[in-house]
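K.L.:
First residue of the sequence shown: 196, per the numbering used here; consecutive thereafter. For glycine and all other residues, C-beta sits at the position ideal for the given N, C-alpha and C. My questions will all concern the structure given below.
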Amino acid sequence: MTRDISEFSGTPWRDIADQIPQRARAVPTMLKAEEQALYFWIARDWAKGAGAIVDLGCFAGGSTARLAAGAEAAGYAAEIHAYDRFSANEKTKENTLYPQGVAPFEGEDIRPLAERLLAPWADMIALYPGDLLQSRWHGGPIEVLAVDAAKSARAADRIADRFFPALIPAGALIVQQDFLHRRQPWLIAQMHLLAGAAVPVAFCAHDCVAFLVTEQIDRDRLAAARVEHLDDDALIGILTEAAESPALAPVADRIAGAIHAVRANPGERRAWAFGRA
Ligand SMILES: C[S@@+](CC[C@H](N)C(=O)[O-])C[C@H]1O[C@@H](n2cnc3c(N)ncnc32)[C@H](O)[C@@H]1O
196 MTRDISEFSG
206 TPWRDIADQI
216 PQRARAVPTM
226 LKAEEQALYF
236 WIARDWAKGA
246 GAIVDLGCFA
256 GGSTARLAAG
266 AEAAGYAAEI
276 HAYDRFSANE
286 KTKENTLYPQ
296 GVAPFEGEDI
306 RPLAERLLAP
316 WADMIALYPG
326 DLLQSRWHGG
336 PIEVLAVDAA
346 KSARAADRIA
356 DRFFPALIPA
366 GALIVQQDFL
376 HRRQPWLIAQ
386 MHLLAGAAVP
396 VAFCAHDCVA
406 FLVTEQIDRD
416 RLAAARVEHL
426 DDDALIGILT
436 EAAESPALAP
446 VADRIAGAIH
456 AVRANPGERR
466 AWAFGRA
């Protein structure tokens, strides 16, 4: 089934946050309210069960729970694959898990927590603990790929290499969770270099952008969209082109912020090492 950009007109995911079942909402997440609604809407209203749903960087399972609850509500046989290191330090526990109702616990391993929180959908979810950059995709078609782990240019390239070729042409979405985050400017470059095969269809407050895959992302396309090797001038050149492209015009001012961040952090390609400017 060929999917169309028009399915996203009118931002149908907005204002449905209260339709997310309570047991999914109870799973702690770093996603903002509109992003949670987008994930739920994608799985419930957009996806048809034509391929797997893959969640790269699921933390304690919050994004996975919204996706699973959406698939459950839609009623198709969902296959959800969730990847993470499943590790949280004291700061993350105090800032994210405890304020969302998790009882204080010892240690950094959150895999048991994620398993417990995702138990209502255990029959549809497979968890993959560890470094996802070392993992392989089994090769089956992917209908929804949520990317929240491309925290370096190297990771963005690795994720694309492993998962993008399995995306169903004209029938898959890539959700780039931190697409417009100033600490991850390589994502804008990567998706602009893939503009012939994936178009932005949903701009979701504040940083998240979803792309409809329009054509097969093959090895040649991947080679042309690599970002790790780009020096600052090359990266800024691609970001400037992206900001001028009609597809990304709605976020041109955010791309200008990303260019500023590259200039303020010369040579840096790791989100966690970016400074404030
Ligand atoms: C912003 S958080 C994800 C938030 C999550 N989607 C939610 O709903 O709360 C990013 C996650 O990516 C994971 N991550 C980043 N790089 C990774 C890697 N190479 N392998 C496995 N997990 C990784 C981190 O452990 C972290 O939990």
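(1) Distance check for Ala405 and Ile237, CA to CA, integer angstroms please.
(2) Could you give the residue range of the alpha helix (DSSP H) that holds Phe300?
(3) Between the stretch 265-278 and the stretch 318-337, do three or more beta carbon pairs fall short of 8 Å?
(4) For the beta strand (DSSP E) that Val370 lies in, which residues bound it at each end?
(5) Taking 7 Å as the cut-off, decide whether the C-beta atoms of Phe203 and Val396 are in contact.
(6) Taking C-alpha atoms, which residue in Ile431, Trp208 and Arg414 lies nearest to Trp381?
(7) If you draw a straight line from the C-alpha of Arg458 to the C-alpha of Asp427, how long is it?
(8) In the DSSP assignment, find the alpha helix (DSSP H) that holds Val249 and state where it starts and stops.
(9) Three or more C-beta pairs closer than 8 Å, one from the stretch 279-292 and one from the stretch 196-216: is that the case here?
(10) Taking the alpha helix (DSSP H) that Tyr278 falls in, what are its first and last residues?
(11) How long is the line joining the alpha carbons of Ala331 and Gln385, rounded to whole angstroms?
(12) Would DSSP call Phe469 helix, strand or coil?
(13) Could you tell me if the beta carbon of Ala344 falls within a distance shorter than 6 Å of some heavy atom in ligand 1?
(14) When the Cβ atoms of the stretch 353-364 are set against those of the stretch 324-338, are three or more pairs found closer than 8 Å?
(15) Bridge partners of Ser282, per DSSP?
(16) With distances taken from CA atoms, which of Leu425, Ile383 and Arg261 is nearest Arg449?
(17) Can you tell me the Cβ-Cβ gap for Leu434 and Ile454, rounded? I've got them flagged as a contact below 8 Å.
(18) What residue range does the alpha helix (DSSP H) around Glu267 cover?
(19) Based on Cα-Cα distance, which residue from Ser258, Ala400 and Lys346 lies nearest to Thr313?
(20) Just how far apart, CA to CA, sit Tyr293 and Gln217?
(21) Taking the alpha-carbon positions, what's the Gly325 to Leu388 distance?
(22) Could you check if Gln231 is buried or exposed, using at least 16 other CB atoms within 10 Å of its CB as the buried criterion?
(23) Identify every run of the beta strand (DSSP E) within the stretch 309-359, keeping only runs that are complete inside it and at least 3 residues long; order them along the chain.
(24) With Tyr278 and Tyr323 assumed to form a contact (beta carbons below 8 Å), what rounded beta-carbon distance in angstroms separates them?
(25) Counting only the same chain and skipping the five closest in sequence on each side, list residues whose C-beta sits under 6 Å from that of Glu274.
(26) Taking DSSP as the reference, what is the three-state secondary structure of Asn222?
(27) Label Asn460 either buried or exposed according to how many other C-beta atoms from any shown protein chain fall within 10 Å of its C-beta, with 16 as the threshold for buried.
(28) Just the Cα atoms here: how many angstroms apart are Glu410 and Glu301?
P.N.:
With the structure as the only source:
(1) 10 Å
(2) Counting along the chain, Phe300 falls outside any alpha helix (DSSP H), and DSSP gives it neither H nor E.
(3) yes
(4) Ala367 to Gln371
(5) yes
(6) Ile431
(7) 8 Å
(8) Here Val249 belongs to no alpha helix (DSSP H); instead the beta strand (DSSP E) covers Ala247 to Leu251.
(9) no
(10) Tyr278 -> not in any alpha helix (DSSP H); beta strand (DSSP E) instead, spanning Ile275 to Asp279.
(11) Position check: residue 331 holds Arg in this sequence, whereas Ala was assumed. Using only the alpha carbons, I get a separation of about 21 Å.
(12) coil
(13) yes
(14) yes
(15) Asp304
(16) Ile383
(17) 5 Å
(18) Gly257 to Ala269
(19) Strictly speaking, residue 313 in this sequence is Leu, with Thr absent from that position. The option with the nearest alpha carbon to Leu313 is Ser258.
(20) 18 Å
(21) 29 Å
(22) buried
(23) 320-324 and 337-342
(24) 4 Å
(25) Ala247
(26) Contrary to the premise, residue 222 reads as Val rather than Asn in this sequence. Here Val222 sits in coil by DSSP.
(27) buried
(28) 47 Å
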